[in-house]
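> Following the UniProt record's numbering, the numbering of the sequence shown begins with 1 at its first residue and continues without gaps. Attaching a single structure in structure tokens format; questions to follow.
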Amino acid sequence: MKLDHIPEQAVVETERFDLRPLRKSDMGLIGHYAGDKRVATMTTSIPHPLPPGSAEAFVARALSKDRDEDIWAIDGTKSDGAELMGIVSLKPLDRNQSEVAYWVAPVFWNTGLASDAVQALIDANPHADDTMFASVFQDNPASAQVLTHCGFQYLGDAESYSVARDATVATWTYSRKL
């Protein structure tokens, strides 16, 4: 399926942080955090070990006019936090629906950052979606808790391939009507 071009990406502002489009200066921290095995193994697409050039390719894809998803940096500089604390993304599907994905650097785990970032994206609803979907690995209950905290409802079990694990992993799938 070929989707229409995604319009310019909005900045989502909160008191604690901004969700802003990626920039080239994010490559170093993305490489550092995404290269952490604890982060990579909880995603479908981040390899471990992280190959050279991966962060650069990720940022280039996020900045492309032909991108198929919007990717935001969770930027805490407005509250004296780190310039990049994690990533949240929104990939358009059909019928006014999108898929949410996110990861947060381990140093910011258990701070409510992931829940706040997902909630900010829901509140802003930059793609004017009717429904958002997300899935998490079943061995990552903290990410499932983020989704339920943000009002997502459990839909069912599935499986997804994890590049870092080189295996198919059981997932829980969730949806949120907007």
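Ideal Cβ placement from N, Cα and C applies to all residues, glycine included.
Which whole-angstrom value describes the C-beta separation of residue 10 and residue 126, a residue pair presumed to lie in contact below a C-beta threshold of 8 Å?
About 5 Å separates the two Cβ atoms, so the contact holds.
> Determine the extent of the alpha helix (DSSP H) in which residue 148 is found, giving its start and end residues.
From DSSP, the alpha helix (DSSP H) with residue 148 extends over 141-149.
> Identify every run of the alpha helix (DSSP H) within the UniProt domain "N-acetyltransferase" (37-178), keeping only runs that are complete inside it and at least 4 residues long; order them along the chain.
Fully enclosed alpha helix (DSSP H) runs of 4 or longer: 37-40, 54-63, 113-124, 141-149.
> Using 8 Å as the cut-off, can you tell me whether the segment 22-42 makes contact with the segment 145-161, which would need three or more C-beta pairs spanning the two stretches below that distance?
As far as the Cβ criterion goes, the segment 22-42 does not touch the segment 145-161, which means the pair count is below three.
> Classify residue 12 as helix, strand or coil using the three-state DSSP reduction.
Strand at residue 12.
> Nearest to residue 16 by alpha carbon, out of 94, 81, 158?
Cα-wise, what sits closest to residue 16 is 81.
> Taking one C-beta from the segment 116-125 and one from the segment 34-54 each time, how about it: are there three or more such pairs within less than 8 Å?
At 8 Å Cβ cutoff, the stretches do not touch.
> What is the DSSP secondary structure of residue 180, counted as helix, strand or coil?
Nothing in the structure corresponds to residue 180, since the chain is present only between 1 and 178.
> Tell me, please, whether the segment 128-138 touches the segment 93-103 by the rule of three or more beta-carbon pairs shorter than 8 Å.
Contact holds: three or more Cβ-Cβ distances are below 8 Å.
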